[in-house]
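J.:
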């Protein structure tokens, strides 16, 4: 009788070469953690998934009043200001939710890490994927609002998956850094929410990045979320201005650099997670 059991050997120094092989071998655990986190997020809540609808709508209303009515910021093309705001909220809330969840993911699964071996990369990646649930509801809300205003997207919406992938990779890149550092330095539980709140006002969520003077635009686009948010609006708003390609290039380059650094740091420290946590 054949023996179908799989033996796993933990060899120091092999983390880099075996990361993706182990990830594929434990793909069922990855899917289980994603499904578990989706259920836990809305368990015993009165409104359940309705929170995915209320949060972007309430934020959109506040930003539309503050930036659109009081500050008098211009919209992009002929898009109604609420649609401009909601199109910017889509990538921001996906990014902020993914980074926040992934930064606490290792600490939240401390008992699992301390008892069972599996590739630790599964935990922050699964936390990032959970944010797609909120994104799907927010996207449906935006499409409904566009029908309400009679302002429908053009063919450029086919590019939306590309910018969605960029937002996920940017969130995962920072999430790897934050999750690994949070194990050793628990202060990051407080630093990450503060940084995300601060970053909300540094990113063109409630306004168009076109209000930034041209001479400062290169510096402003060093924030990778600027290029991603502009990309979302370009894909969703039919008469949005052309993409600022240097800003998009900055977003892609920074995502790659932060992601490579985060993955290497995560792999270098994951062997000590069970001892520290």
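Numbering (my numbering), first residue to last: 1102 to 1378.
A virtual CB, placed ideally from N, CA and C, is assigned to each residue, including glycine.
Excluding the five sequence neighbours on either side, which residues of its own chain have a C-beta within less than 8 Å of the C-beta of residue 1306, listed in chain order?
T.: Cβ within range, chain order: 1164, 1186, 1189, 1190, 1193, 1330.
J.: In whole angstroms, what separates the C-alpha of residue 1302 from that of residue 1151?
T.: The alpha-carbon atoms of residue 1302 and residue 1151 are separated by roughly 25 Å.
J.: Closer than 8 Å by C-beta to residue 1113: which residues in its own chain qualify, once you throw out the five before and the five after it? Chain order, please.
T.: Confidence is the limiting factor: at residue 1113 the pLDDT is only 42, short of 50, which leaves the residue's position unreliable, though a coordinate-based value still follows. 1372.
J.: Are residue 1351 and residue 1322 touching if we call contact CB-CB under 8 Å?
T.: Yes, these two residues count as a Cβ contact at 8 Å.
J.: Can you tell me whether residue 1345 is buried or exposed? The criterion is at least 16 other CB atoms within 10 Å of its CB, across all chains shown.
T.: Flag for residue 1345 reads buried.
J.: On the three-state DSSP scale, how would you describe residue 1316?
T.: If DSSP states are grouped into helix, strand and coil, residue 1316 belongs with the helices.
J.: Between which two residues does the alpha helix (DSSP H) containing residue 1183 stretch?
T.: Residue 1183 -> alpha helix (DSSP H) spans 1182-1204.
J.: Does the stretch 1132-1147 come close enough to the stretch 1222-1237 to have 3 or more Cβ pairs within less than 8 Å?
T.: With the cut-off at 8 Å, the stretch 1132-1147 and the stretch 1222-1237 touch.
J.: Could you tell me whether the stretch 1167-1174 touches the stretch 1230-1243, where touching means 3 or more Cβ pairs closer than 8 Å?
T.: Taking 8 Å as the limit for Cβ pairs, the verdict is that the stretch 1230-1243 does not touch the stretch 1167-1174.
J.: Compute the minimum distance between the beta carbon of residue 1342 and the heavy atoms of the ligand ATP, and state whether it is under 7 Å.
T.: The ligand ATP is not part of the structure shown, which contains no ligands of any sort.
J.: For the stretch 1360-1368 against the stretch 1271-1290, do three or more pairs of beta-carbon atoms, one drawn from each stretch, fall closer than 8 Å, so that the two count as touching?
T.: The stretch 1360-1368, when compared against the stretch 1271-1290, does touch it at the 8 Å Cβ threshold.
J.: Report yes if the CB atom of residue 1297 is closer than 8 Å to the CB atom of residue 1200, and no otherwise.
T.: Yes, the Cβ-Cβ distance between residue 1297 and residue 1200 is below 8 Å.
J.: Whole-angstrom Cβ separation of residue 1284 and residue 1219, contact assumed at under 8 Å?
T.: Incorrect: roughly 16 Å between the Cβ atoms, too far for contact.
J.: Helix, strand or coil: how does DSSP classify residue 1339 here?
T.: Correct three-state label for residue 1339: coil.
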